[in-house]
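Throughout the sequence shown, residue numbering follows the UniProt record's numbering, covering 1 to 356 in sequence.
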Amino acid sequence: PFSPPRSPSPTLACPVSRTPDHPSPSSHLSPFPCAPVLMSSSLPWVEKYRPSTIGDLVGNEDAVSRLAIMATDGNTQNLILAGPPGTGKTSSILCLARQLLGPSYREGVLELNASDDRGINVVRGAIKSFAQKKVSLPPGRHKIVILDEADNMTAGAQQTLRRTMERYSSTTRFALACNASSKIIEAIQSRCAVLRFTRLSDAQILARLEEVVKAEGVDATDAGLEAIIFTADGDMRQALNNLQATVAGFQRVTAENVFKVCDQPHPVHARTVLLAAQQGDLAASHKAIKVLWDEGYAPVDILSTLFRVTKGLPELSDEQKLAFIREIGITHMRCVNGLTTLVQLSGLVAKLTEVK
């Protein structure tokens with residue numbers, strides 16, 4: 001679905017010529033030195049198009065339906081929202097808080113995100129003070145404390161939080177968003193309802209991207225949107241950021257522009273590596289992966305792209321896909337452990353050419 005890049009030159013280089021339509025790097029207000037236009041608004045699209053009601057949320061229907069029931073009944077409980085980044089965990093609990101508290105939302109919600117210190121002192125200070133604060137809320141409603149990336153809290157802070165949750169259970173509810181619920185101590189898990197979020201499907205991300213493209217009047221090709229979806233890998237936040245960055249840099253969303261902005265290995269090169277390996281052509285496969293290496297991509301990024309392209313490559317049989325994924329996974333493990341050299345990638349393509 002992607003058109004091949006015009007040249008194997010490093011993706012960070014900007015090929016746009018200096019014409020009246022493409023000013024020189026003196027356009028310092030743009031995040032890209034060759035950007036033809038400036039963005040009309042400085043507000044990130046992630047915030048501009050963040051859902052405001054539970055009905056606006058995309059994906060994870062089971063978890064969202066449970067939140068909708070809580071919003072209707074008006075009686076929520078302590079929550080743990082676990083899942084990959086960019087799947088709507090924080091947006092979901094913010095939507096629930098808005099529908100529960102209405103005009104009292106600003107006074108009745110305390111949100112602590114990853115940029116805040118969330119050690120024992122914060123739990124004893126800011127969170128405890130908020131739980132003790134008198135706030136006028138609708139009947140039957142509770143104050144809400146939102147802790148983003150709660151799995152990064154220390155064990156001591158989590159123990160202190162557990163005691164705070166017990167002491168102020170009559171006035172305050174806690175919502176913890178995390179990537180892995182296993183990093184939350186069992187004492188807190190037992191006091192919360194766990195909602196699990198999964199990565200969004202390509203169709204769900206595409207539907208939201210089309211809404212944003214239409215609202216912003218963006219010139220986008222189908223291949224460009226497919227490239228956005230590929231680079232996002234189920235992360236809605238990443239998809240919107242990549243879309244906005246591409247528009248800021250090149251004004252037009254095409255597959256070529258997207259991969260220049262996102263600086264990820266082009267799937268066309270990955271496809272060349274895999275198909276050459278399938279045909280047993282070690283020289284061609286090694287040459288293709290050497291192109292990605294010479295462009296400066298990290299081996300882990302190259303392997304991640306190979307993995308994702310392998311899953312959707314129609315030329316491979318199911319048995320070949322499993323064998324390819326196994327070899328890619330073994331090489332990925334070695335690279336994660338520190339063996340990030342071209343030798344590892346060369347060994348991988350040699351193994352792939354042996355798969356029958």
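Quick reminder that beta carbons are idealized off the backbone N, C-alpha and C, glycines included.
{"Item": "Using 8 Å as the cut-off, can you tell me whether the region 197-213 makes contact with the region 231-243, which would need three or more C-beta pairs spanning the two stretches below that distance?", "Value": "yes"}
{"Item": "Counting only the same chain and skipping the five closest in sequence on each side, list residues whose C-beta sits under 6 Å from that of Ala220.", "Value": "Val213 and Val253"}
{"Item": "Let's test the definition: count the other Cβ atoms within 10 Å of the Cβ of Ser181 and tell me whether it reaches 16, buried, or not, exposed.", "Value": "buried"}
{"Item": "Count the CB pairs spanning the region 140-155 and the region 101-113 that are closer than 8 Å, and state whether there are at least three.", "Value": "yes"}
{"Item": "Compare the C-alpha of Gly217 against each of Ala227, Ala239 and Leu243 and name the closest.", "Value": "Leu243"}
{"Item": "Contact between the region 261-276 and the region 292-308 is defined here as three or more beta-carbon pairs at a separation below 8 Å; is this criterion met?", "Value": "yes"}
{"Item": "Confirm, please, whether the CB-CB distance from Ile184 to Gln158 is below 8 Å.", "Value": "yes"}
{"Item": "Could you tell me how far apart the beta carbons of Asn78 and Phe174 are, in whole angstroms, since I believe they sit closer than 8 Å?", "Value": "5 Å"}
{"Item": "Can you round the beta-carbon distance between Thr310 and Leu274 to whole angstroms, since I take them to be within the 8 Å contact cut?", "Value": "6 Å"}
{"Item": "Closer than 8 Å by C-beta to Pro31: which residues in its own chain qualify, once you throw out the five before and the five after it? Chain order, please.", "Value": "With a pLDDT of 42 at Pro31, under the threshold of 50, the modelled position of this residue cannot be trusted, and the question is left open."}
{"Item": "Strictly by DSSP, which residues pair up with Leu339?", "Value": "Looking at the DSSP assignment, Leu339 forms no beta bridge with any residue, so it has no partner."}
{"Item": "List the whole-angstrom C-beta distance separating Leu342 from Phe324, where the pair is believed to meet the contact cut-off of C-beta under 8 Å.", "Value": "That pair is no contact at about 19 Å."}
{"Item": "Would you report the Cα separation of Gly55 and Ala68, rounded to the nearest angstrom?", "Value": "8 Å"}
{"Item": "Please return the same chain residues whose Cβ sits closer than 7 Å to the Cβ of Asn75, not counting the five positions on each side in sequence.", "Value": "Gly140"}
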